[in-house]
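Novice: Those protein sequences? They're chains A and B, same order as listed.
For the first sequence, the numbering used here gives the first residue as 810, with consecutive numbering after it.
For the second sequence, the numbering used here gives the first residue as 810, with consecutive numbering after it.
Number of protein chains: 2
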Amino acid sequence: MNTRNLTLMTDLYELTMMQGYFEQQENEVVIFDVFFRSNPCSSGYSICAGLEQVIEYIKNLNFSYEDVDYLRGLHMFSEDFLQYLSGYHFTGSIYAIPEGSVIFPKEPLLKVIAPIMEAQLVETAILNILNHQCLIATKASRVVFAAGEGGVMEFGLRRAQGPDAGLFGARAAMIAGCVGTSNVLAGQMFDVPVMGTHAHSWIMSFPDEYTAFKAYAELYPAACTLLVDTYDTLKSGVPNAIRVFQEMKEKGADPKRFGIRLDSGDLAYLSKKARKMLDEAGFPEASICASNDLDEYLIHDLKMQGAAINSWGVGTHLITSKDCPAFGGVYKLAAIQNENGEFVPKIKLSENTEKITNPGNKTIFRIYEKDSGKIKADLICFEDEVIDSSEDLLLFDPLETWKKTKLKGGTYTVREMMEPVFVKGECVYQSPSVMEIASYCKQEKETLWDETKRLFNPHQVYVDLSEQLYQVKKELLDQMSVTD
Amino acid sequence: MNTRNLTLMTDLYELTMMQGYFEQQENEVVIFDVFFRSNPCSSGYSICAGLEQVIEYIKNLNFSYEDVDYLRGLHMFSEDFLQYLSGYHFTGSIYAIPEGSVIFPKEPLLKVIAPIMEAQLVETAILNILNHQCLIATKASRVVFAAGEGGVMEFGLRRAQGPDAGLFGARAAMIAGCVGTSNVLAGQMFDVPVMGTHAHSWIMSFPDEYTAFKAYAELYPAACTLLVDTYDTLKSGVPNAIRVFQEMKEKGADPKRFGIRLDSGDLAYLSKKARKMLDEAGFPEASICASNDLDEYLIHDLKMQGAAINSWGVGTHLITSKDCPAFGGVYKLAAIQNENGEFVPKIKLSENTEKITNPGNKTIFRIYEKDSGKIKADLICFEDEVIDSSEDLLLFDPLETWKKTKLKGGTYTVREMMEPVFVKGECVYQSPSVMEIASYCKQEKETLWDETKRLFNPHQVYVDLSEQLYQVKKELLDQMSVTD
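#1: Determine, using beta carbons only, whether D820(A) comes closer than 7 Å to chain B.
#2: Could you pull out every unbroken beta strand (DSSP E) segment of at least 3 residues lying fully inside the region 878 to 959 of chain B, listed in chain order?
#3: Would you say S1010(B) faces chain A, with C-beta separation under 7 Å as the test?
#4: Taking DSSP as the reference, what is the three-state secondary structure of T1020(A)?
#5: At the 7 Å Cβ level, is D1132(B) part of the contact set with chain A, yes or no?
#6: Any chance you could list the alpha helix (DSSP H) runs of at least 4 consecutive residues sitting entirely within the region 816 to 887 of chain B, in chain order?
#7: Which bits of chain B does S1073(A) rub up against, with CB to CB less than 9 Å?
#8: What does the alpha-carbon distance come out to for the pair I906(A) and F886(A)?
#9: How many whole angstroms separate the CB atoms of T933(A) and R967(B), which I take to be in contact at a CB cut-off of 8 Å?
#10: Are three or more beta carbon pairs between the region 927 to 941 of chain A and the region 1259 to 1278 of chain A nearer than 8 Å?
#11: Check for me: the beta strand (DSSP E) holding E1178(A) runs from which residue to which?
#12: Helix or strand or just coil, what does DSSP make of A1186(A)?
#13: Roughly how many angstroms lie between the CA atoms of R980(B) and E1089(A), to the nearest whole one?
#14: Label L782(B) either buried or exposed according to how many other C-beta atoms from any shown protein chain fall within 10 Å of its C-beta, with 16 as the threshold for buried.
#15: With a CB to CB cut of under 8 Å and the five nearest residues on each side skipped, what residues in its chain are close to N836(A)?
#16: Residues of chain B with a CB under 7 Å from the CB of A974(A): which are they?
#17: I need the DSSP call for Q1146(B), collapsed to helix, strand or coil.
#18: Classify D820(B): buried if its beta carbon has 16 or more other beta carbons within 10 angstroms, exposed otherwise.
#19: Say whether chain A places a C-beta atom closer than 7 Å to the C-beta of M1013(B).
#20: Can you give the beta carbon distance from F1205(B) to K1213(B), rounded, assuming they're within the 8 Å contact cut?
#21: For the region 822 to 855 of chain A, list every residue whose C-beta sits within 9 Å of some C-beta in chain B, in sequence order.
#22: For Q1146(A), which residues in chain B fall below 9 Å Cβ to Cβ?
#23: What residue ranges within the region 1077 to 1124 of chain B form continuous alpha helix (DSSP H) runs of no fewer than 4 residues, ordered along the chain?
#24: Can the beta-carbon of V908(A) be found closer than 7 Å to that of A858(A)?
#25: In three-state DSSP terms, what is L1036(B)?
#26: Give the secondary structure of V1281(A) by DSSP, where H, G and I count as helix, E and B as strand, and everything else as coil.
#27: Report the residues of the region 919 to 949 of chain B with a CB closer than 9 Å to any CB of chain A, ordered along the chain.
#28: Give the residues from the region 993 to 1005 of chain A that approach chain B closer than 9 Å (Cβ to any Cβ), ordered along the chain.
#29: Verify the CB distance criterion: does Y1040(B) have a CB-CB separation below 7 Å to chain A?
#30: Which residues, in order along the region 1055 to 1082 of chain A, keep a beta-carbon less than 8 Å from a beta-carbon of chain B?
#31: Rounded to a whole number of angstroms, what is the C-alpha to C-alpha distance between D1110(A) and G1074(A)?
#32: Classify G989(A) as buried or exposed, calling it buried when 16 or more other Cβ atoms lie within 10 Å of its own Cβ.
#33: Looking at chain A, is there any beta carbon in it that lies within less than 7 Å of the beta carbon of L966(B)?
#34: In the DSSP assignment, find the beta strand (DSSP E) that holds K1215(B) and state where it starts and stops.
#35: Check this for me: beta carbons of D876(A) and A1143(A), under 7 Å apart or not?
#36: Return the CA-CA distance between C1190(B) and F1174(B), expressed in angstroms with no decimal places.
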């Protein structure tokens, strides 16, 4: 599956435009930025994910004989153009923010520098991949935040929007801090922990609940989590589980490995009652896992109510990002190279000021408070700008420019966020493993202030423009309105 | 991609339960039903989709050497069990409602009859595939309904939840009545029409809008839809489009092929203004296509406001079913075969009456009013029941049993909805092409009353139980509460 060829996974208009450029013999090098306009799920930040799959996609780009034949059959494309496609490969450069990074609206998280025919083709697939994984990583990060010390298990495969959504959704969820996934294929492909208990059907296939529990416990004494809600949680499920735990303990099993799972009913009430019953029976270490339509808000609320839940199985809401199932990443032209090899900044106007793009060949500098290591702001700059952190730095809001902050030299540090991924067609980036990315992501979240991480009405991180970028943008806008 | 092996695309617990049954030497034939509890998006019906991919999945089930090796590395599974998996293939039977059918909550849309080890494994993938495609087909059907005479184009690939969500989402959208998709890979794989115009970047890559339009029109005179909102829709976009149309007309191009696309701003206002400008310039046949975060409600509303829009490009909301991104299909044990080969009905209790399952080996009879051909009700029956449509038929609500309807013999017709798909491991079903399914789906929607099709507060179709099934369910429930 790693070598799946997704070359035709593109919008038809990318191909018709490509042919247009081909016919015009117009193939200047251009820059496209991928960015998004607002965080999903009212979050204060997003998590970057999907770069490894973008790299695989770019590496595997290649129109097969069948692909070209199919396109010929559409009767839209000339033989010359089809000939060009047969020999197509990506010769451009790509820069991107590493996976697992915290990212913010309006800043490019990936940029493509390539002849326009090549840059246009890859738009759809790059957006598809990044939009999906950034979305699920961001949602999962919120759920993990709500769960605090309790581990979150990704259990959503059956409700995911198709096989890839389950697979790459699990990948994104692991990056964002889940402790495991139920998805065995994800476990195999990404070398991440797989987890699970048993279903109601296990219980129902035995003559009674006790026999079913006993059979399961004897088979899996080292991971003995029993689902207690098939018939009646407190009258039947928990007492039967305790009976089995007692028998297992007598046989020498480790009570730290015992647990129950609640999958219906009032989880706050049932978990507290079950905790009491387990404690009184001498199983204070037995864990209580909860599942059933959980999301970050419900987990937060259950914890507020003192629910005695140690771990959380989260399905539908996480794997579909149910309250906000799309990440609005876009792919916009930022510059065109002229005959002299210079990038001429381009801008897209809009009635909506928020939708006006940032022109030019850009990068992002992240500014941290030196003492705390927390993020002060992100600064979108031209890629050849330099920030000397020993000097004072003036930050200002790019819309309400009177809102200013001056950072004293020596009190802040700077990190350039974009890294080279492809240089002139060659991949120069080695993706870390998913668990390495997860570990990096955890550090990244440490750079956020608590005010940004909170679930409700979080503080939005400042994303400002450098003075130089601001001036160029303003000039372009002024020119545009004069010609209006 | 058709032969992708998704065998490990399962929840870990399916495998741990399988090993449990293996160790218990418990492998009776069981019946699992796939059903859902409510229509997504407040719809009055759902559309069945995904069966072809379920069939491919079942046919390709096979644990490769690498799969078994990966599972061995988890240190959870015995060598005997891994040996069994190496030789695994599906030997069971599957019955299903054909794709494109209208379906309703609580009735099985697919049933698996197989040894429990086999039936358990396939739960997750079957649900993943059906949940996704039924969801998108249902959402797309609503959007198509709202658009009425105007064609709906599926434009969502870049916002879909990963490659498969784009691909199979496009498939489901075509089944439900979209006229085309932008997704070229979907076009290739499913032989469905692909469509598209051009992007803002096309315009921006030219010195000015007029030159960009002219270049596009000369290249694609037979499908000349120009995107008019890059700079200013009414001041620049539409006048430039008209200028190009005039030049093209002089050169002999067919004005029926001209059109504009609006992708921002107030679509009602702009479309009416643009219509007037096009009409006055002598292009009354030029079409107006609209896109920009459309869904069924916005389309309905735009039409109410008299928007002059002929076709609709729908992306994010359709491809993610944004207001309801999960279809709640579940997979529940309904019966276990005893030593005598009889299926003993099984039931799952729940505090929530709605969640109690329907026991036994069942099928669905759809009852139509003979004169109109419209659906009167669906009747869930045991699979060996027979309905003689020359006799009177008493229907009653399975919860509020005093709500009764008697259908006079001769006034109704009956159709059994489930068809054999696999019989004892052999596939006996040939999937129709996607466009054939789409054509069948259109007929299927003709069997719904207008009251069921409407977007707001639709009439819910009756799904009743046969007298025999009702009695068996009642007895099982009574037995359960006695032992409580």
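Note that the Cβ used here is the ideal one computed from N, Cα and C, for glycine as well.
Specialist: Answer, in terms of the structure:
#1: yes
#2: 902 to 905 and 919 to 924
#3: yes
#4: In the three-state reduction of the DSSP assignment, T1020(A) falls in the helix class.
#5: no
#6: 821 to 832, 860 to 868 and 874 to 882
#7: S1159, E1160, N1161 and K1164
#8: Taking the straight line joining both Cα atoms gives about 36 Å.
#9: 5 Å
#10: no
#11: K1171 to E1178
#12: strand
#13: Spanning the two alpha carbons is a distance of roughly 56 Å.
#14: This structure leaves residue 782(B) out entirely; chain B is present only between 810 and 1293.
#15: Y830, P924, I925 and M926
#16: Residues of chain B whose Cβ lies closer than 7 Å to the Cβ of A974(A) are, in chain order, Q970, G971, D973 and A974.
#17: strand
#18: buried
#19: yes
#20: 5 Å
#21: Y822, E823, L824, T825, M826, Q828, G829, Y830, E832, Q833, E835, E837, V839 and F841
#22: The premise fails here: Q1146(A) is roughly 12 Å from chain B at the closest Cβ pair, so nothing lies under 9 Å.
#23: 1105 to 1113
#24: The sequence given here has Glu at residue 908(A), not Val. Yes. Within cutoff.
#25: strand
#26: helix
#27: I925, A928, Q929, E932, T933, A934, I935, L936, N937, I938, N940, H941, Q942, L944 and I945
#28: V993, L994, A995, G996, Q997, M998, V1003, M1004 and G1005
#29: True, the Cβ-Cβ gap to chain A drops below 7 Å.
#30: S1073 and G1074
#31: C-alpha separation (whole angstroms): 15 Å.
#32: buried
#33: yes
#34: K1213 to L1216
#35: At least 7 Å separates the beta-carbon of D876(A) from that of A1143(A).
#36: 7 Å
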